[in-house]
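Student:
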Amino acid sequence: MRRPIIAGNWKMNMTSAQGVRLVEELKPLVADADCDVAVCVPFTDIPAVSAALKGSNIRLGAQNVHFAENGAYTGEISAQMLKEFGVEYVIVGHSERRRMFDDTDEVVNMRMHAALAAGMTPIVCLGETLEQREGGETEGCLSYQVEHSLKGLDDVSKIVIAYEPIWAIGTGRTATAQQANDTIAYIRKKCAEVFCPKCAEKVRIQYGGSMNAGNCKELMAMPEIDGGLIGGASLKAADFAAIVRYNK
Ligand code: PGA
């Protein structure tokens, strides 16, 4: 059985003070969660949110990591810098980064390996555009991303995969539970081919894209969906808690 993981992706929202207020509100609401819970926060929020989360069941995540250990990379943040503050998860390859900041599959792959080498769990985002979905290229796109973004993994179950159809992110347009389930089943099948059937059975694959308190039950009831990566709905404690407590 795969343990579900619900992670918030705050994106570029919440100052450090606002972030601390949010997690203080969130902690008691999700203390009884049956799944893994994480918040992926802006870099500058990490020290204060890390301190605020001590002793709770909420794990800390970042939203990106550079692939080099250190060096002349102005403006970048290394895996060790994150590790020092107790960061356990790091999102890599989010579609916003692929689209706006030129994160190619090759770069995503290097970031993923840097996170793993530092002992963190990368949450690697995959997903097709609307054009690809409508053009019948969803499987081709995901197959390419599995082969290239995840290249060189000895065991795919060391990472978390977030399947995020780009057309569903921040749009209020969610994939149907069946669509999400079938696409995730395809990703798992592809992982079994590229890696191994056993680790493909074990890898947790989240759904992301306008998941909210209203639709989380239906999505989480699907056998292939092992959690959610939540953007907009993770910015309010009550909304995010309702998703984390989808089974209550
Ligand atoms: P959304 O974002 O929940 O606001 O659609 C999800 C994501 O981008 O991870």
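Per my numbering, the sequence shown starts with residue 839, numbered consecutively. Positions of the beta carbon are idealized from the N, C-alpha and C atoms, including for glycine.
#1: Report the CB separation of Val998 from Thr959 in whole angstroms; it is logged as a contact under 8 Å.
#2: Would you check if the distance between the CB atom of His932 and the CB atom of Cys979 is smaller than 7 Å?
#3: If you measure from the CB of Ser987, is any heavy atom of the ligand PGA nearer than 6 Å?
#4: Does the count of Cβ pairs from the segment 1000 to 1013 and the segment 964 to 974 closer than 8 Å reach three?
#5: Per DSSP, what kind of secondary structure is Tyr1084 in: helix, strand or coil?
#6: Using the beta-carbon count (16 or more within 10 Å), is Met948 buried or exposed?
#7: Starting from Asp874, follow the alpha helix (DSSP H) in both directions and report where the run begins and ends.
#8: Can you give the Cα-Cα distance for Ile1025 and Ile1043, rounded to whole angstroms?
#9: Beta-carbon within less than 8 Å of Asn851's beta-carbon, same chain only, minus the 5 sequence neighbours each way: which residues are those?
#10: Evaluate contact between the segment 840 to 848 and the segment 1067 to 1086, counting only Cβ atoms and requiring at least three cross-stretch pairs below 8 Å.
#11: Using only the alpha-carbon positions, how far apart do Pro1035 and Val946 sit?
#12: Quick check: Leu1057 and Ala1015, are their CB atoms within less than 7 Å of each other?
#13: Just tell me which of Phe923, Asp872, Ser981 has its CA closest to the CA of Pro885.
Tutor: For this structure:
#1: Here residue 998 refers to the residue found at position 160 when the sequence shown is read from its first residue. Here residue 959 refers to the residue found at position 121 when the sequence shown is read from its first residue. With a Cβ gap of about 6 Å, Val998 and Thr959 count as contacting.
#2: Residue mapping note: residue 932 aligns to position 94 of the sequence shown, counting from 1. Residue mapping note: residue 979 aligns to position 141 of the sequence shown, counting from 1. No, Cβ-Cβ distance for His932 and Cys979 is not below 7 Å.
#3: Here residue 987 is taken as the residue at index 149 of the sequence shown, counted from 1. No, the ligand PGA has no heavy atom inside 6 Å of this Cβ.
#4: yes
#5: For the purposes of this step, residue 1084 is taken as residue 246 along the sequence shown, with counting starting at 1. Coil, per DSSP.
#6: The sequence position of residue 948 within the sequence shown is 110, counting from 1. Label assigned to Met948: buried.
#7: Numbered from its first residue, the sequence shown carries residue 874 at position 36. Not the alpha helix (DSSP H): Asp874 falls in the beta strand (DSSP E), residues 874 to 878.
#8: Mapped onto the sequence shown, residue 1025 falls at position 187. Mapped onto the sequence shown, residue 1043 falls at position 205. C-alpha separation (whole angstroms): 9 Å.
#9: Translated into the one-based positions of the sequence shown, residue 851 becomes position 13. Result list for Asn851: Pro880, Leu1073, in chain order.
#10: yes
#11: Taking the sequence shown and counting its residues from 1, the one referred to as residue 1035 is at position 197. Taking the sequence shown and counting its residues from 1, the one referred to as residue 946 is at position 108. The alpha-carbon atoms of Pro1035 and Val946 are separated by roughly 23 Å.
#12: By one-based count along the sequence shown, residue 1057 stands at place 219. By one-based count along the sequence shown, residue 1015 stands at place 177. Cβ atoms of Leu1057 and Ala1015: closer than 7 Å.
#13: Locating residue 885 in the sequence shown gives position 47, counting from the first residue. Minimum Cα distance to Pro885 is reached at Phe923.
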